[in-house]
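Numbering (our numbering), first residue to last: 108 to 566.
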Ligand SMILES: Cc1ncc(COP(=O)(O)O)c(C=O)c1O
């Protein structure tokens, strides 16, 4: 090994020892007196660890901006209740419970046998997968996409969304985000240094006037608008006319539009939700995310897509090219088989969720809790029963868990305007839903409206 040259400023071994103890590394100070200098530097430096100090800071700039997940507390209580032997009926997390269709699993198994698929894959997604997604958009929405430039595969739509935020946000940029909403819509941008201005969720004329107000009174001018229909958690759906108004407004005000269409195929009563890219010219300013998690019951596989504007897709592709090598090739091949394959599995999943929705709405109403019937998604967005409204959504969720063995997500976890609601995910089978309704009926008859004797209420 050739000798390391330090231009005569390499400190003697004893000084090197001192340097390695702390973060101050001033090699160029290494002359005869330098040993003393290092020592002084180390003692005076506020960043140097003292023997009684942990060298790792207690918090970090980005972490300070990420509040603890509200759902964590309910999840913890759920786990505790289960460990006490309680049979908790879990409507908490939107984690699809249906098995991935067999032909998709079979394709994965077949592909994984080929050693050539074990190498790093393509960060943007293999060509066959991007083509399959383009074909899906043409079939489902009548939207033609160039798979080379207008389609990218992501490690789930959540990852894609967060990395698009990373790609397009400068510190302090203002982003318009609905509230309540799926947390990454807001926190993807907060992690990226952006500032959030909230808009209501309902796709009405009030939304458009709030949007206009936000554009006129925000400084600096917002750079992007996030939309999510069908909405998690509210299940609200937008129509094409609403999207036309948004695109027309956004074009006039140089606003990027990011649409999250994760529930593209989980809709009821034969009313498929549209894609924003169906609006002529939307591709000039819009990008849209879809997910394999819901449509094909593949949540653990981690595969989603962004499609749309070429510059936005290229920005996302650039960031991702530094971060990942793409999903495991057999997963991508199986996902392409899913998109190119039979659609009866999607109809089946839709029917299953619709049946659960109907049973939930009917049986809970019968028990005394009226919940609006969601037109899409796998969620019911339920106003707290009037008697419990004073508790707020977090305390009510805890009460429901403790007294009725029913786990739900408190609305406050989706943003301040989610207060007064809880979200129920349709991830339990009809029998369990009916059991939950029976538990609910007993709980409501009990008359305890305070939660005073529910353990561990901290807020
Ligand atoms: C609105 C919305 N977008 C994105 C996601 C994340 O989906 P994926 O599994 O593709 O990351 C979810 C998951 O619940 C969601 O509800």
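We treat Cβ as the ideally placed atom computed from N, Cα and C, and that holds for glycine.
Boundaries of the alpha helix (DSSP H) harbouring residue 244: 234 to 248, taken from the DSSP string. For residue 261, the enclosing beta strand (DSSP E) covers residues 258 to 261. The beta carbon of residue 503 sits closer than 6 Å to those of 491, 495, all from its chain and outside the five residues before and after it, given in chain order. If the five residues before and after residue 208 are omitted, its C-beta is found closer than 6 Å to the C-beta atoms of 452, all from its own chain and listed in chain order.
Residue 365 holds the alpha-carbon nearest to the alpha-carbon of residue 271 among 162, 507, 365, 515.
Residue 475 has its Cβ no nearer than 7 Å to any heavy atom of ligand 1. The stretch 507 to 520 and the stretch 472 to 485 do not touch, with fewer than 3 CB-CB distances between them shorter than 8 Å.
Take the alpha-carbon of residue 196 and the one of residue 493: they are about 23 Å apart. Fewer than three Cβ pairs drawn from the stretch 334 to 341 and the stretch 311 to 318 lie within less than 8 Å of each other, which leaves the two stretches out of contact.
Residue 244 and residue 431 have their alpha carbons spaced roughly 25 Å apart. Under DSSP, residue 512 shares a beta bridge with no residue. Nearest to residue 287 by C-alpha distance, out of 305, 273, 281, 276, is 305. Look at the stretch 303 to 353 and you find these whole runs of beta strand (DSSP E), each 3 residues long or longer: 331 to 334. In this structure residue 292 is buried. Its beta-carbon is surrounded by 16 or more other beta-carbon atoms within 10 angstroms. Going by beta carbons, residue 413 and residue 259 fall inside the 8 Å limit. Under the DSSP assignment, residue 419 falls in the alpha helix (DSSP H) whose first and last residues are 417 to 430.
Across the structure, residue 324 and residue 348 are spaced so that their CA atoms are roughly 26 Å apart.
Under a 10 Å Cβ-count criterion, residue 254 is classified as buried, with 16 or more other Cβ atoms of the shown protein chains found around its own Cβ. Going by C-alpha positions, residue 406 is about 31 Å away from residue 351.
Excluding its 5 nearest sequence neighbours in each direction, residue 239 has C-beta neighbours in its own chain below 6 Å: 443, 446, 447, listed in chain order.
A distance below 8 Å separates the beta carbons of residue 485 and residue 533. Non-local C-beta neighbours of residue 360 in its own chain, meaning closer than 8 Å and more than five positions away in sequence, comprise 322, 328, ordered along the chain. 201 is the residue among 201, 168, 169, 165 whose C-alpha sits nearest the C-alpha of residue 529.
Measuring C-alpha to C-alpha distances from residue 213 to each of 355, 437, 222 identifies 437 as the nearest. Relative to ligand 1, the beta carbon of residue 406 is positioned inside 7 Å of a heavy atom. Residue 286 has its CB no nearer than 7 Å to any heavy atom of ligand 1. Counting the other Cβ atoms within 10 Å of the Cβ of residue 172 gives fewer than 16, which makes it exposed. A distance of 8 Å or more separates the beta carbons of residue 505 and residue 553. Under the three-state reduction of DSSP output, residue 205 falls in the coil class, being neither helix nor strand.
Apart from sequence neighbours up to five positions away, the residues of its chain that approach residue 332 with a beta-carbon distance below 6 Å are 283, 362, 364, ordered along the chain.
Beta-carbon to beta-carbon, residue 383 and residue 354 are separated by about 7 Å, close enough to satisfy the 8 Å threshold. For residue 186, the enclosing alpha helix (DSSP H) starts and ends at 177 to 190. Residue 483 is a Cβ neighbour of residue 344, given a cutoff of 8 Å. Close to ligand 1, as judged by a C-beta nearer than 7 Å to any of its heavy atoms, are the residues 201, 263, 264, 265, 266, 268, 289, 291, 335, 339, 367, 369, 370, 396, 398, 399, 400, 406, 409, 411, in chain order. Boundaries of the alpha helix (DSSP H) around residue 264: 264 to 275. Nearest to residue 256 by C-alpha distance, out of 295, 422, 346, 440, is 422.
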